[in-house]
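Each residue of the sequence shown is one higher than the last, beginning at 386 in my numbering.
Structure first, then comments.
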Amino acid sequence: MNPLTEAIRKHHSSLANTLKAHARGVGGNEPQPEREAFVRFLKGDLLAHAQGEERHLYRLVDELVRSFARPTATMTVDHEFINDYVAKIEQTTRELADAADGERSRLSLRLRELALQLDAILELHLAKEERIYLPLVEAHVDEARQRAVLEAIHGGREEEKNVIQGRPLDVREIAPRERHKLIFETFAALEPEEAFILINDHDPRPLYYQFAAEHAGEFTWDYLEQGPEVWRVRIGRSA
Ligand SMILES: [Fe+2]
Ligand SMILES: [Fe+2]
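Structure (structure tokens):
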């Protein structure tokens, strides 16, 4: 038996259901008493619940987290929800692209609702990071370590971009007779569906014909930039 946690879960689900019902009922031309009942619920039930937790539950939770949990686990849950909302927004946007007229207003409304929900979650999430975590960093982490973490965050993004788009291979400084060898070696090292971005100072069209002759059906070739000074081509290995 877990009398405390069972009671909390039950109370949470009743709060969430009541809030949802009120949220669906207000914001139109509902009667004034309905709005007032909503405010009564928010102050009498929702805020009372929060105060109860602040007074009697969080001290116990702090103690437990210190011994048994990762304090930022709650932030990871936020990120999970944010991911989920982004996926739902993407899905609804896709559905709207070829929605029949009868479906369009329902989907538009849903898109708006999702955007507003994400907005609320993000506002809360950013406040937590900026009010709790960043001041800790400011008070306790020196500039060098801050820079190292900053670089790791940016480096991580670069790395992701490289996986999706391909690593850059800039041959502009390489002697012309060595360029082709280097390019074909780079291609040979690719796994299926991997790619690299060739950066050159002229149109590498002749190279395309060489690929077509030697690797027909094995490569992809996409111009990302075509001069006049720089040419960038995404060269990939087919799946
Ligand atoms: Fe709660
Ligand atoms: Fe975050």
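Glycine included, C-beta positions come from ideal geometry on N, C-alpha and C.
This structure is a prediction, so every number in the text was calculated from the model and none was measured.
- At the C-beta level, isoleucine 620 and leucine 583 come within 7 Å of one another.
- In the three-state scheme derived from DSSP, where H, G and I count as helix and E and B as strand, isoleucine 620 is classed as strand.
- Assigned with DSSP and collapsed to three states, isoleucine 582 falls in strand.
- At least one heavy atom of ligand 1 sits closer than 6 Å to the Cβ of glutamate 438.
- Taking the C-beta atoms as reference points, glutamate 419 is found nearer than 7 Å to glycine 410.
- For alanine 482, the closest alpha carbon among the candidates Glu543, Leu496, His525, Glu515 is that of Leu496.
- One residue list follows from the rule of a beta carbon closer than 7 Å to any heavy atom of ligand 2, given in chain order as Met460, Asp463, His464, His510, Glu514.
- Setting aside the 5 residues that flank it on each side, arginine 557 is surrounded in the same chain by Asp586, each with a C-beta closer than 6 Å to its C-beta; the list follows chain order.
- Inter-residue distance for glutamate 576 and arginine 491 is about 44 Å (C-alpha atoms, whole angstroms).
- DSSP places threonine 605 in the strand class (E or B) of the three-state scheme.
- In this structure, the beta-carbon distance from leucine 554 to threonine 571 falls below 7 Å.
- Using a 10 angstroms sphere on the CB of proline 416, the tally of other CB atoms stays under 16, which defines it as exposed.
- Contact between phenylalanine 466 and isoleucine 506 holds, with the beta-carbon distance rounding to 6 Å and staying under 8 Å.
- When rounded, the separation of the alpha-carbon atoms in histidine 510 and arginine 530 is 24 Å.
- Secondary structure note for leucine 592: its alpha helix (DSSP H) is the uninterrupted segment 590-599.
- The C-alpha of phenylalanine 581 lies about 15 Å from the C-alpha of alanine 624.
- Per DSSP, the beta-bridge partners of aspartate 555 are Ile584.
- Ranked by Cα distance from valine 618, the first of Pro561, Glu514, His600, Arg552 is Arg552.
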